[in-house]
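The numbering used here puts the first residue of the sequence shown at 103, with every later residue one more than the last. Heads up, the beta-carbon is just placed ideally off N, CA and C, and yes, glycines get one too. Encoded as structure tokens, the structure appears first; notes follow it.
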Amino acid sequence: MNNWVSDNTNEKITEILNEIPTDAEMYLINAIYFYGSWQYEFDKSNTQNQDFHLSDESTVEVEMMEMESELKYYSDPDFTVVELPYGQGNFVMDLILPSAESDVAGVIEQLNSNTWNSITQGLYDENIVVKMPKFKFEFEQNLIPALQNMGMIDLFTGSADLSDINGTGGLYVSKVKHKTYIDVNEDGTEAAAVTAVDVTYNSAGPNSFTLDRPFVFIIREKSTGVILFEGAVQNPTED
């Protein structure tokens, strides 16, 4: 299974399971890999070291990329959004920078489907100088608590009815493990994600857009609006 995960994420995620419990009946594994080159490239000669302001008011030094182009742009009192297209423009990265009076948590709380649709429909062309840090990180989490908070309770207990899988029942989900890798640099973005489900037997000039404090990013397909990856960059120097 780990070999399959590695093959399907271009070796960016090489392990999703480190052991298989004796009572595990099956694993359901999904993997996604994305590589996108920027439509408007960041010139590596413009990349400079610059301070990035953390939420605790301390600073870290980051490699700040810079480019200028006509891009899709949106702004309101709480945050500003800039859309960076990949390749032919079918996929984009949306960069969401909270205002000085807001923060990442506040922005994420506002981003329901209605608000997000209004933002994407309200984007307009603007000549912008974008400055953003290079960042790379890996993330791993058990998704069961989040799914339980969304109302999925029985699936993770002996009350689950998964009899259509084995014909006899007695199965429940004991683990939902998600792992993500993302790398953003001057060339573009490389990202991968894997989710494993363990089923167990019951037993004035151009605008300046500078990402020098925590921000949110979303990678999506434009025609369908499907979101492939989303996350918050709190500290670009942490993997």
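(request) Report yes if the CB atom of Lys-236 is closer than 8 Å to the CB atom of Asn-287, and no otherwise. (result) Yes.
(message) Is the separation between the beta-carbon of Phe-317 and that of Ile-284 shorter than 8 Å?
(response) no
(message) Per DSSP, what are the beta-bridge partners of Glu-172 in this structure?
(response) Asn-229
(request) Compute the Euclidean distance between the alpha carbons of Glu-165 and Tyr-188, then round it to the nearest angstrom. (result) C-alpha separation (whole angstroms): 21 Å.
(request) Could you round the C-beta distance between Leu-313 and Val-278 to whole angstroms and report it? I think they count as a contact, below 8 Å. (result) The pair is not a contact, with the Cβ atoms about 31 Å apart (cut-off 8 Å).
(message) Using only the alpha-carbon positions, how far apart do Thr-217 and Thr-270 sit?
(response) 44 Å
(request) From the DSSP output, in three-state form, read off Val-328 for me. (result) If DSSP states are grouped into helix, strand and coil, Val-328 belongs with coil.
(request) For Glu-211, name the three-state secondary structure that DSSP assigns. (result) Three-state DSSP puts Glu-211 in a helix.
(message) Can you tell me whether Gly-260 is buried or exposed? The criterion is at least 16 other CB atoms within 10 Å of its CB, across all chains shown.
(response) exposed
(request) With a 10 Å radius around its C-beta and 16 neighbouring C-beta atoms as the bar for buried, classify Tyr-142 as buried or exposed. (result) exposed
(message) I'd like the list of long-range same chain contacts for Ile-321, defined as Cβ closer than 6 Å, with 5 residues on each side in sequence excluded.
(response) Met-195, Leu-330 and Phe-331
(message) With a threshold of 8 Å on Cβ separation, who are the neighbours of Ile-230 within its own chain once the five nearest residues in sequence on each side are excluded?
(response) Glu-170, Ser-171, Glu-172, Leu-173, Tyr-175, Val-184, Pro-308, Asn-309, Ser-310 and Phe-311
(message) If you reduce the DSSP assignment to three classes, tell me which class Leu-257 lands in.
(response) helix
(message) Alpha carbons only, please: which of Val-209, Trp-140 and Ile-134 is nearest the one belonging to Phe-193?
(response) Trp-140
(request) Please name the residue in Pro-247, Leu-156, Gln-243 and Val-275 whose C-alpha comes closest to that of Phe-258. (result) For the residues Pro-247, Leu-156, Gln-243 and Val-275, the minimum Cα distance to Phe-258 belongs to Val-275.
(message) Rounded to the nearest angstrom, what separates Gly-253 and Asp-263 at their Cα positions?
(response) 16 Å
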